[in-house]
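Residue numbers (the working numbering), protein chains in the order written: chain A, 1 to 563; chain B, 564 to 1247.
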């Protein structure tokens, strides 16, 4: 199109971004898997023909800037001329462009008039990809081979035709072939929709206009990013912390980061962090990069569109062989344990300098749980896989939020308990705020975690869970108190209650109860400076007791305000 | 004989009346009286000159009252009663973080603080069986505390009450002995999801006393004016209820304001023989779109008050017409972002200072300014000449854009229009393409002050071949209200496979729902002959979450019907989601909509007394058309256009409340109902 004016360019740019959103909606609504449609554990993106990110729509922040890495590796493998119209490539390789094996990426080249224009790519959590445990991810794997089948950038469809051998291989190696196939179908359908829409735009405006619009989006993103960078405090900022354990032993894992901000770059250096862990807590390098991108966005403009340019200032240094850059065949099934710390360290280092953007420490862990088995009522397998919400840290002008999903989760809906009870042989006996373990006190206090009780109504079930931040609670800020840990308690017939933080396929029977408990967030500022009305409100609402009001906040409660 | 609709808006109370004999439309306007809304309604009615005895239908809205009381937090102190173990659900909510990179996000604050949320001892299982009997003592204790803390209204939502409301009914009965205002979840909806149902009930209780007062006053005053017929109140489901019924469940009116336009578009579609319609309402600050397929208005299963892309909002689980909205309207401000791209909206210049051309001190370029600069909008004829627009001020404002891009002001104006239109196209795609519909199968009905200026630009982008601009597009929503049937919805979650084994259960449940519907309508004085019922099943593939609504015929279920519904579901699923599965099909919700036909005015058929476009001609105007450039465009006065004759575009058609743009290559004509019908590319 010769008469490309700046206004048409603007319209085309908006259309490209709208495609990602449209595809995102389609993916979510077609999925058979609750992890997709409720937890929104998926993302879609468009890249240009070089694999550079043009537009992305996410359900969770953790997938930010991982999809384009997969496309770039895909181009490396097949070469720009190695694709035909209708190809769909599948990958779940964690180390260079993924997260864990459950997160499967599909990529399709978009052609117009025989010319490669773009890539449509998406990524979603599959319920089952084989491996040593039901649901594939587990807390006790020691090498990746135990975590499921690996798909190293294979062609699932060749020029529109399904690669039957690969389908057979997948269906043979997973425990719930129907469910897995359903996940795959929905994902492929959404991918095709994205591709079709890009081709339609090409037909309307011409492929060169589309290419120019993609360039413009990336260029705008880059300019915006550097503008924002100039507004950040400059210098070097450091933080250190401990991950509870390596997944196998009880030994804490030391991690550290140094963030260096200048007009030119936002460098995160994880050197000095522990070597890769024996257990599956390792954060693949691509996840570590994604965490840095997420934090960059959080401290600059959280609402800005995500694209290649928007992250250009971000550089990540993580020596190979460390917990933030594991080498194959390191286990990575619960990658979010170290992955969340990759973000947390930046958060902790920068929070005092950008208090309007970052609060005190929050419960941090995804607190992922699986309850599964074979339903007595139907004879069919069931698995409820979900994150748990917890308490967030207080900010310089607000109390922490209570019962909210962690920083790596996003537009993630915790499943409705009434729905759980219909679908699974479980009774939810309480879903409350965690008022036993009090969040960090402060001028502004931390938010509350939750307590959820699952009673098993089935003859038999297994329980897998990974609760991080169980030994080292969320940190307070500017004089505010620390938060409280995440943990769970398993009550089984004939056994003493087990209070712990990790479970790998623990056997349960009818009548057993699991109590999930998430921690409260850190406080902000000196508790003695807390507004008296707020303290009295907290007493009235039962968030704190009158005794706590006096001891922590120095506020005497007259009888009337007690409830 | 007049049919009268009155809408209480934030600033103005508007009246739209239809003379059933002549087809003439009478408009009235008065100030909204916030201290007592019924007063403004009376004043507005009086100003119209219509006599109370001559009113054959009266439709009012309290839409703004309900939504504003919620948004401005002006409801009453409300207490919640729920099952032991679940009182914090209102605060935990669904725990999502829509603004996912914002780590200072604030969750919605519950409308009932923790100290007013009470737990009672009882427990129903998911299959409806009783696990723990209701302890009445705990109910009395809760009510006593609620009273002592000063609660005025009680919301009751017990866990799993959708499966068996017995305990909830018992609690409600006891509560009504102690409190005047009680809302009980099963009386509002019997769908699952405890947080959503709980919040819906809480919001209902929160606004109930306010709405009760308003509707009581309104009724009394209308009777004093001599209006004898039952007063109808519009609901968010696109239907009306008689006033006495509407008082019981105010939350059903939460989003009733914009519903009128969609209903109007549907009715207009029926009149012109188009059952597939996209309605587009472009006002000062927003563009609202909705889709009508096969004459059916779509409902939004996931409506939330105050929701934005970065805020979770508050779910309301009652039927709400599915309207998608963006911040793009006549007042939307054009601006350059920090990297030099042109953006339009979502910020609006509002009514004050308004667009620069209003001359009230606005300096930012708006969409209206762009239309003035481009020559499409006549500055001398805005609101029929009541307000003279300042073209010079508009040019000065738009120059901020043109200087940045180094273009002429006209080019920049066209650019602003293009970008705004692009946003609207994406909106329209969202209600059509993203849900599996091809916009080419639909007729676009565009209204609101700014809708007719954009309509043909959008039709081109979406390749919609037929666009209809109704008469007096500025008050089309009120006109739509006059066309509304009575409607009550009954929805119930009952998860089961759709198979022969469940035929009896389906028959029984639907019969029960229909009986309830019949009772509710009978109680409103409706005759059996005027009632009709529409049954819908929300179906899904076994194991899937999201449902597809499939209308099912009235009458008994049998094997054949189950098969037919199953096949319809497969087809609908494939259409909306691109694939079908071999999995069994599962019922999630049964939905019965009970309607009572309201006699509708025939839309008057107009007889043209002229064949001549000359008489309507206001000469030519040099206008800069988006995508075309400078063009000499013939200008017409809408009222004087001949009926039935087709003319080539381009054209600008002016009327008092709006201006319609017809692009080159399109054709237009006035149909027998007085609508402007525009054909994209001249296809007829």
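We treat Cβ as the ideally placed atom computed from N, Cα and C, and that holds for glycine.
Predicted, not measured: the structure shown is a model, and the values here were computed from it.
The segment 754–763 of chain B and the segment 406–417 of chain A touch, with no fewer than 3 CB-CB distances between them shorter than 8 Å.
In the structure shown, the three-state DSSP call for residue 631 of chain B is helix. Between the alpha carbons of residue 144 of chain A and residue 329 of chain A lies a distance of about 5 Å.
Contacts with chain B (Cβ-Cβ distance below 9 Å) from the segment 57–83 of chain A involve 58, 59, 60, 61 and 64, listed in chain order. With a threshold of 8 Å between beta carbons, residue 1067 of chain B makes no contact with chain A. Shown here for residue 207 of chain A: same chain residues with a beta carbon closer than 8 Å to its own, the five before and five after excluded, namely 112, 113, 115 and 117 in chain order. As DSSP reads the structure, residue 126 of chain A sits in no beta bridge. Residue nearest to residue 106 of chain A within the set A:129, A:149 and A:154 is A:154 (criterion: CA-CA distance). Taking C-beta atoms as the reference points, residue 687 of chain B and residue 763 of chain B fail to come closer than 8 Å.
Annotation note: the segment 35–61 of chain A contains the following uninterrupted beta strand (DSSP E) runs of length 3 or greater, listed N- to C-terminal: 42–48 and 53–58. Assignment of beta-bridge partners to residue 372 of chain A by DSSP yields A:383 and A:462. Counting C-beta pairs with one atom in each stretch, the segment 198–207 of chain A and the segment 154–163 of chain A have fewer than three that are closer than 8 Å, which means they do not touch. Counting only residues of its own chain and dropping the five nearest sequence neighbours on each side, residue 911 of chain B has a CB closer than 6 Å to the CB of 848, 894 and 895.
About 5 Å separates the Cβ atoms of residue 1112 of chain B and residue 1099 of chain B, confirming a contact at the 8 Å cut-off. Rounded to whole angstroms, the Cβ separation of residue 42 of chain A and residue 59 of chain A is 5 Å, and the two are in contact under 8 Å. Within chain B, the residues 1108 and 1109 have their CB atoms less than 7 Å from the CB of residue 37 of chain A, given in chain order. Here residue 300 of chain A carries a coil assignment [DSSP, helix/strand/coil]. Here the alpha carbons of residue 567 of chain B and residue 655 of chain B stand approximately 45 Å from one another. In this model, residue 564 of chain B and residue 989 of chain B are separated by some 43 Å (Cα to Cα). Contact annotation: residue 364 of chain A and residue 380 of chain A have beta-carbon atoms that are not nearer than 8 Å.
For residue 663 of chain B, at least one C-beta of chain A is nearer than 8 Å to its own C-beta.
Within the same chain, 394, 395, 396, 397, 398, 399, 400, 480, 523, 524, 525 and 530 come within 8 Å of residue 444 of chain A by CB-CB distance, once the 5 residues on both sides are set aside.
Contact with chain B is found for residue 7 of chain A, since one of that chain's Cβ atoms lies less than 8 Å from the residue's Cβ. The beta carbons of residue 987 of chain B and residue 940 of chain B sit no closer together than 8 Å. Pairing residue 28 of chain A with residue 40 of chain A, the inter-Cα distance amounts to about 7 Å.
Contact check for residue 1184 of chain B against residue 1193 of chain B fails: the beta carbons are separated by 8 Å or more. Secondary structure at residue 445 of chain A: coil, using DSSP grouped into helix, strand and coil. Residue 225 of chain A is classed as buried because its beta carbon has at least 16 other beta carbons within 10 Å across all chains shown.
In the structure shown, the three-state DSSP call for residue 235 of chain A is strand. The C-alpha of residue 79 of chain A lies about 25 Å from the C-alpha of residue 16 of chain A. Looking only at B:683, B:663, B:795 and B:930, the smallest Cα-Cα distance to residue 1159 of chain B is reached by B:795.
Secondary structure remark: continuous alpha helix (DSSP H) runs of at least 4 residues inside the segment 397–461 of chain A, in chain order: 417–423. Below 8 Å, enough C-beta pairs join the segment 1035–1044 of chain B and the segment 1216–1230 of chain B to call them touching: three or more. For residue 1004 of chain B, same chain residues with a beta-carbon under 6 Å away, outside a window of 5 residues either side, are 839 in chain order. Residues 74, 107, 153 and 155 of the same chain have their beta carbon placed closer than 6 Å to that of residue 89 of chain A, with the five preceding and five following residues left out of the count. Leaving aside the five residues that flank residue 1133 of chain B on each side, the residues in its chain whose CB is nearer than 6 Å to its CB run, in chain order, 1143.
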